[in-house]
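**Student:**
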Amino acid sequence: MVNFLLEQQSRFTKYPCFLCYWDSRDRNQHWIREKWPPRECLKVGNKNVINNPLVHTNKIILPPLHIKLGLMKQFIKTLDKDRYCFKYIRNYFPEISEEKKKAGIFEGPQIRKLLRDNSFKDSMNGEEKRAWQAFSNVVSNFLGNKKASNYKELVTELVDSYHTLGCNMSIKIHYLRDHLDRFPDNLGDMSEEQGERFHQDIKVMEQRYQGR
Numbered sequence: 001m002v003n004f005l006l007e008q009q010s011r012f013t014k015y016p017c018f019l020c021y022w023d024s025r026d027r028n029q030h031w032i033r034e035k036w037p038p039r040e041c042l043k044v045g046n047k048n049v050i051n052n053p054l055v056h057t058n059k060i061i062l063p064p065l066h067i068k069l070g071l072m073k074q075f076i077k078t079l080d081k082d083r084y085c086f087k088y089i090r091n092y093f094p095e096i097s098e099e100k101k102k103a104g105i106f107e108g109p110q111i112r113k114l115l116r117d118n119s120f121k122d123s124m125n126g127e128e129k130r131a132w133q134a135f136s137n138v139v140s141n142f143l144g145n146k147k148a149s150n151y152k153e154l155v156t157e158l159v160d161s162y163h164t165l166g167c168n169m170s171i172k173i174h175y176l177r178d179h180l181d182r183f184p185d186n187l188g189d190m191s192e193e194q195g196e197r198f199h200q201d202i203k204v205m206e207q208r209y210q211g212r
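Each residue of the sequence shown is one higher than the one before, counting from 1 in UniProt numbering.
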């Protein structure tokens, strides 16, 4: 969605961040390097910018729902598909295709069901449980309707636990770790229901955008 508004090339691009030159392909540095050269402007034809942006970068709000979906995706993709935790998901959502489950593609209501399910948590090993608890804490105390006073510590724990679990550093995790100051104080004002509807609408727009 951010790529769409800022006219950046989508998919697996080298420089997807609109705030800095974070190199998505330099995986050896992702969990080591926290400071990347700042992106001063979005220049057409330079660093994956294909047209003049539709909005100014200071108007961009990092949407909490998209961050949550991205975190869920990285967690699921890292799971051993032959272990009990993923098998639990496979049986829990028979209506979801195997391809989507393996890719970690879930919607908000499905994630909420798993967050409330203690049996799902019981199916995890130690590292999985730590990462899942960290994810739950960030969803409830930062990306949800309240922002806890210790939200920075919660985000740090999530990043550390995802690293330990073996997750790849995605653009969503990068935003949380390196650009936490860009998230507004009133994340709770962005309702989940509105975010779900917008998420469905923007997917259609992005599909059309990809084909132009």
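Where a beta carbon is used, it is the ideal one built from N, C-alpha and C, also for glycine.
Since the model is a prediction, treat every value here as computed from it, not as a measurement.
1. Quick check on Cys-20: does DSSP put it in helix, strand or coil?
2. Going by CA-CA distance only, name the one from Asp-117, Glu-98, His-163 and Gln-110 that's closest to Arg-130.
3. If Gly-104 and Met-124 are in contact, beta carbons under 8 angstroms, what's the gap, nearest whole angstrom?
4. Less than 6 angstroms between C-beta atoms, sequence neighbours within five positions excluded: which residues of the same chain meet that for Leu-79?
5. Can you give me the Cβ contacts of Lys-102 inside the same chain, cut-off strictly under 7 angstroms, excluding the 5 residues immediately before and after it?
6. Rounding to the nearest angstrom, what Cα-Cα distance links Tyr-15 and Leu-180 in this structure?
7. In this structure, what does DSSP give as the bridge partners for Pro-94?
8. Determine the direct distance from the alpha carbon of Asn-91 to that of Leu-158, and round the result to whole angstroms.
9. Keeping to the same chain, check which residues put their C-beta closer than 8 angstroms to that of Ile-67; ignore five residues upstream and five downstream.
10. Taking the Cβ atom as the reference point for each residue, do Arg-27 and Met-169 lie within a distance shorter than 9 angstroms?
11. Which two residues bound the contiguous alpha helix (DSSP H) that contains Arg-27?
12. Can you tell me the Cα-Cα spacing of Tyr-21 and Lys-100, whole angstroms?
13. Pull up the DSSP beta-bridge partners for Pro-37, would you.
14. Using 10 angstroms around the beta-carbon of Gln-74, count the other beta-carbons present and answer buried if the total reaches 16, otherwise exposed.
15. Pop quiz: Phe-120 and Tyr-88 are said to be a contact at Cβ under 8 angstroms. What is the actual Cβ separation, rounded to whole angstroms?
16. Using 10 angstroms around the beta-carbon of Asp-117, count the other beta-carbons present and answer buried if the total reaches 16, otherwise exposed.
17. Tell me which residues share the same chain as Val-204 and place their Cβ nearer than 6 angstroms to its Cβ, disregarding the 5 neighbours each side in the sequence.
18. In its own chain, which residues sit with a C-beta less than 7 angstroms from the C-beta of Phe-198, not counting the 5 before and 5 after it?
19. Given this structure, state the Cα-to-Cα distance separating His-30 from Lys-77, to the nearest angstrom.
20. From Ser-122 to Pro-37, what does the alpha carbon distance come to, in whole angstroms?
21. What does the Cβ neighbour count give for Glu-98, buried or exposed, with the cut at 16 atoms within 10 Å?
**Tutor:** Based on what the coordinates show:
1. It is a strand residue.
2. Closest option to Arg-130, Cα to Cα, is His-163.
3. Going by Cβ atoms, the distance from Gly-104 to Met-124 rounds to 15 angstroms, so no, they are not a contact pair.
4. So the qualifying residues of the chain are Cys-85 and Phe-86.
5. Around Lys-102, the same chain offers Lys-81 as residues with beta carbons nearer than 7 angstroms, after the five sequence neighbours per side are excluded.
6. The straight-line gap from Cα to Cα measures roughly 18 angstroms.
7. Beta-bridge pairing by DSSP links Pro-94 to no other residue.
8. Computed Cα separation, rounded: 26 angstroms.
9. Once the five neighbours on either side are set aside, the close Cβ partners of Ile-67 are Leu-143, Lys-172, Tyr-175 and Leu-176.
10. For the pair Arg-27 and Met-169, the CB atoms are nearer than the 9 angstroms cut-off.
11. Arg-27 -> alpha helix (DSSP H) spans 27 to 30.
12. Looking at the backbone, the Cα of Tyr-21 and that of Lys-100 are separated by about 30 angstroms.
13. Paired residue(s): none; Pro-37 is not in a bridge.
14. By the Cβ neighbour-count rule, Gln-74 is buried, with 16 or more other Cβ atoms within 10 Å of its own.
15. Contact between Phe-120 and Tyr-88 holds: CB atoms are separated by about 6 angstroms, below the 8 angstroms threshold.
16. Only exposed fits Asp-117, as fewer than 16 other CB atoms lie within 10 angstroms of its CB.
17. Confidence at Val-204 is low in this model, with a pLDDT of 46, below 50, so the placement of that residue should be treated as unreliable; the coordinate-derived value is given next. Correct list: empty, nothing qualifies.
18. Because the pLDDT of Phe-198 is 48, which lies under 50, any placement of that residue in the model is unreliable, and the question is left without a value.
19. Distance between the alpha carbons of His-30 and Lys-77 is about 18 angstroms.
20. Position check: residue 122 holds Asp in this sequence, whereas Ser was assumed. Between the alpha carbons of Asp-122 and Pro-37 lies a distance of about 42 angstroms.
21. So Glu-98 counts as exposed.
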